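Asks:
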Amino acid sequence: MIESIEFKNFKVLRDAKLPLSRCTVLIGPNGTGKTTVLQALQAVREPARYPFAAVRSYLPLGEEVEVCVNFGPPHLGVHFVAEWYRAKGTQLGLRFSRGVEECPEGPALQRGVRRNRVFAFEGRAIARPAAVAANIELGENGANLAAVLDDIRDTDAERFTAINCALGQWLPEFKSILFAKPEQGSKSLMLQTRKEGVSVPDNDLSQGTLIALAMLTLAYLPKPPALIGIEEPDRGVHPRLLRLVQDAIYRLCYPESCGEKREPVQVIVTTHSPYFLDLFKDRPEEVVIANRVGMEAKFVRLSDHPNIEEILSGAPLGEIWYSGILGGVPSEP
Amino acid sequence: MKVAIVSESPADEAAVLILLVGLLQQPIEVFSSPTLRRRPGGWTGVLRTIPTVLRHLYYNTDADALVAVLDSDRSVVHQAAHDAPDAAEPDCRLCELKSEVARIRGFLRPVEGRQPLKIALGLAVPQVEAWYLTGQDPHVSEAAWLSGLLSGTLPYDSKSLKTKVYGTDRPSLDLETRRAREEAERIVRDGKLPLLEQLFPGGFGALAADVRGWCPGQ
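So the protein sequences, as listed, match chains B and F.
My numbering puts the first residue of the first sequence at 16, with every later residue one more than the last.
My numbering puts the first residue of the second sequence at 12, with every later residue one more than the last.
Encoded structure:
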């Protein structure tokens with residue numbers, strides 16, 4: 016598992032360390048580096064898309080930008096580093112504090128980090144018809160959802176049934192996922208209503224419904240990537256459904272708790288929703304607060320706040336966060 | 012009888028409903044237009060919304076009764092002695108909720124044809140999963156929790172209670188609802204309601220006493 020990520024001169028993250036759990040919820044005001052963390056993951060995945068000029072801090076600090084991924088037990092001491100140089104471009108590599116021979120899994124860990132996926136779901140992208148192909152991946156904005164579900168239906172009928180069952184819990188008005196074939200080689204989604212049996216095409220489904228469906232599908236992917244970032248998974252979703260969004264994330268992080276036989280996924284999510292945050296009150300170690308200190312952003316794990324148990328007793332966590340006593344709120348003029 | 016249950020999730024609602032039916036020995040219809048929910052993780056939210064919920068149920072609906080169950084977490088455990096006149100404990104969540112409910116009921120004006128709302132309030136010590144272990148784990152009780160609070164060494168925590176009930180400390184809502192229903196049904200079916208009252212006299216006992224008061228003579 017990744018224990019932390021350290022950033023040097025990566026945009027607003029000039030000198031910051033992000034502590035991670037299997038599930039990490041990032042909260043904080045705008046401009047404190049939450050989205051930047053996810054961009055850093057994307058930059059590590061696709062360095063060619065992120066040249067030095069796109070990742071460097073806006074302050075002229077140095078000639079080097081660095082994202083250092085630190086692994087925890089059983090790979091303590093292994094670091095995967097991505098570096099950007101003004102002159103030389105990007106370098107990616109593994110550093111070991113104990114010697115390469117002591118960590119034969121190093122290359123696999125590196126691959127895991129580099130194959131991370133970041134998602135920021137958008138209703139319109141989800142609703143677009145998708146070209147059907149084997150092993151197709153869910154796009155970062157939710158594109159290809161129809162093709163991904165179609166692939167699951169064809170290759171893992173049991174899993175597809177489980178998704179349909181879960182759909183009934185998330186969106187009880189719908190009974191099952193159906194597919195339309197707008198043109199040769201492409202698929203689009205329809206949801207069949209439970210009562211009337213009417214098939215509602217994806218472009219008539221609400222943005223929240225489509226995002227919920229994308230979250231649900233992500234949670235049930237047969238082979239999810241080892242590291243996932245999700246921008247505001249609560250977006251467009253009714254507060255009462257947020258518990259199911261949390262369940263979806265935990266399904267990725269703790270597959271053993273829901274009978275999935277695969278490796279756990281490490282998930283980083285950002286949110287501005289006090290209602291979503293409420294659900295993590297018993298998990299202060301999973302919440303990280305971003306704050307702006309001068310011209311840079313810093314991260315503090317909620318469980319590291321002094322007297323946190325007493326502070327959290329009584330009121331919902333989202334409300335406590337909103338009050339400002341935990342930090343992570345916008346400054347005022 | 013149509014009962015509105017103010018709960019945090021469908022899991023809590025399912026369990027409370029089964030326990031209520033067990034206590035009343037009569038079918039209950041859950042007020043569900045729509046179902047009432049409270050914000051997760053904080054009892055202060057209940058305290059703030061309960062006046063509005065009470066007024067709404069009384070003036071705008073045909074609900075006969077309202078049931079609310081809070082988690083005590085690490086706050087004061089409710090005792091029967093708190094119910095004596097002027098003996099309410101200021102740090103007891105149930106005392107505070109009861110006092111707020113009594114205050115609001117005092118303001119409700121008579122409405123023709125409208126019976127007063129029946130109310131039942133409970134306190135799960137420290138949380139509802141402890142109730143589900145009645146008859147399964149003899150070490151889980153209000154007395155054990157109280158003794159832990161006094162000694163500073165708590166006998167269990169939220170995660171260990173959840174693990175005992177659900178097999179994981181991060182249960183999905185689906186699993187939570189299924190297990191809540193199963194355990195509540197077991198308690199009623201196996202005649203463990205008196206044991207539940209005996210093990211949780213301040214929290215479940217208070218709820219049971221309120222519910223029995225709805226149908227005097229039963």
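No residue lacks a Cβ here, since even glycine has one placed at the ideal position from N, Cα and C.
Keep in mind it's a predicted model, so treat the numbers as computed, not measured.
Taking 7 Å as the threshold (beta carbon to beta carbon), is L184/F in contact with chain B?
Replies: By this cut-off, L184/F is an interface position.
Asks: Between which two residues does the beta strand (DSSP E) harbouring N24/B extend?
Replies: Residues I17 to F25.
Asks: Under the three-state reduction of DSSP, which class applies to T232/B: helix, strand or coil?
Replies: Correct three-state label for T232/B: helix.
Asks: So, is the C-beta of P51/F closer than 7 Å to a C-beta in chain B?
Replies: It does: the Cβ of P51/F has a partner Cβ on chain B nearer than 7 Å.
Asks: Can you give me the start and stop residues for the alpha helix (DSSP H) that I323/B sits inside?
Replies: It spans I323 to L327 - the alpha helix (DSSP H) in which I323/B sits, taken as one unbroken run.
Asks: Using a Cβ-Cβ distance cut-off of 7 Å, determine whether R130/B contacts chain F.
Replies: With 7 Å as the cut-off, R130/B does not count as an interface residue toward chain F.
Asks: Considering just the uninterrupted stretch of the alpha helix (DSSP H) at N159/B, what are its terminal residues?
Replies: From DSSP, N159/B is part of no alpha helix (DSSP H); its letter is neither H nor E.
Asks: Rounding to the nearest angstrom, what Cα-Cα distance links P216/B and P345/B in this structure?
Replies: Rounded to whole angstroms, P216/B to P345/B spans 40 Å at the Cα level.
Asks: Find the nearest neighbour of N218/B within the set E311/B, A161/B and A263/B, judged by alpha-carbon distance.
Replies: Of the candidates E311/B, A161/B and A263/B, the one whose C-alpha sits nearest the C-alpha of N218/B is A161/B.
Asks: Quick check on T174/F - is its C-beta less than 7 Å from some C-beta in chain B?
Replies: So, not an interface residue.
Asks: Mapping the DSSP letters down to three states, classify K196/B as helix, strand or coil.
Replies: Three-state result, K196/B: coil.
Asks: If we cut at 7 Å on Cβ distances, does R60/B have a partner in chain F?
Replies: Not one chain F Cβ lies under 7 Å of R60/B.
Asks: For the beta strand (DSSP E) containing P34/B, list its first residue and its last residue.
Replies: Per DSSP, P34/B belongs to the beta strand (DSSP E) from L28 to P34.
Asks: What is the rounded straight-line gap between the Cα of A74/F and the Cα of L47/F?
Replies: Between A74/F and L47/F, the C-alpha separation is close to 12 Å.
Asks: Quick check on this structure: which residue in V14/F, T72/F and R104/F has the alpha carbon closest to the alpha carbon of L58/F?
Replies: Among V14/F, T72/F and R104/F, the Cα nearest to that of L58/F belongs to R104/F.
Asks: Under the DSSP definition of a beta bridge, which residues are partnered with M205/B?
Replies: According to DSSP, M205/B bridges with L193/B and P216/B.
Asks: What do you get for M310/B, buried or exposed, if any count of 16 or more other CB atoms within 10 angstroms of its CB means buried?
Replies: M310/B should be labelled exposed.
Asks: Sort out for me which residues DSSP pairs I115/F with in a bridge.
Replies: Bridge partners of I115/F: none, in fact.
Asks: How would you write the range of the alpha helix (DSSP H) that A22/F sits in, first residue to last?
Replies: P21 to L35 is the extent of the alpha helix (DSSP H) around A22/F.
Asks: Is it right to say D82/F is buried, meaning 16 or more other beta carbons lie within 10 angstroms of its own, or is it exposed?
Replies: Flag for D82/F reads buried.
Asks: Could you name the residues of chain F that Y265/B contacts, counting a contact when the two beta carbons are closer than 8 Å?
Replies: Ordered by position in chain F, the residues that pass the 8 Å Cβ test against Y265/B are R181 and S183.
Asks: Could you name the residues of the segment 74–104 of chain F whose beta carbon sits closer than 8 Å to any beta carbon of chain B, in the order they occur along the chain?
Replies: Residues passing the 8 Å Cβ filter: D84, R85 and S86.
Asks: Nearest-angstrom Cα distance between I326/B and V112/F?
Replies: So the alpha carbons of these two residues sit roughly 26 Å apart.
Asks: Can you tell which of I130/F, L30/F and H93/F has its C-alpha closest to the C-alpha of R66/F?
Replies: For R66/F, the nearest C-alpha among the options comes from I130/F.
Asks: Under 8 Å Cβ-Cβ, which residues of chain B neighbour R48/F?
Replies: Neighbours of R48/F on chain B, chain order: R255.
Asks: So for Q138/F, helix, strand or coil by DSSP?
Replies: Q138/F falls in the coil class under three-state DSSP.
Asks: Starting from F67/B, trace the alpha helix (DSSP H) both ways and give me its first and last residue.
Replies: It spans F67 to V70 - the alpha helix (DSSP H) in which F67/B sits, taken as one unbroken run.
Asks: Can you find a CB in chain F that lies within less than 7 Å of the CB of A234/B?
Replies: Closer than 7 Å: no.
Asks: The alpha helix (DSSP H) with I340/B in it runs from where to where?
Replies: From DSSP, I340/B is part of no alpha helix (DSSP H); its letter is neither H nor E.
Asks: Name the chain B residues whose beta carbon is nearer than 9 Å to that of T60/F?
Replies: Chain B residues near T60/F: none, gap ~12 Å exceeds 9 Å.
Asks: Would you list, in chain order, the members of the segment 281–304 of chain B that have their beta-carbon closer than 8 Å to a beta-carbon of chain F?
Replies: Within the segment 281–304 of chain B, the residues whose Cβ lies closer than 8 Å to some Cβ of chain F are Y290, D293, L294, K296 and D297, listed in chain order.
Asks: Using the rule of at least 16 other Cβ atoms within 10 Å of the residue's Cβ for burial, across every protein chain shown, is P299/B buried or exposed?
Replies: By the 10 Å Cβ count, P299/B comes out buried.
Asks: Could you name the residues of chain B that S43/F contacts, counting a contact when the two beta carbons are closer than 9 Å?
Replies: Result: empty, since nearest Cβ-Cβ is about 12 Å, beyond 9 Å.
Asks: Is there at least one Cβ from chain B nearer than 7 Å to S169/F's Cβ?
Replies: Chain B, which has a Cβ nearer than 7 Å to the Cβ of S169/F, makes this yes.
Asks: Measuring straight from C-alpha to C-alpha, what distance separates G274/B and L267/B?
Replies: Taking the straight line joining both Cα atoms gives about 11 Å.
Asks: Given L108/F, which residues of its chain have a CB within under 6 Å of its CB, disregarding the five upstream and five downstream residues?
Replies: Hits under 6 Å: L132.
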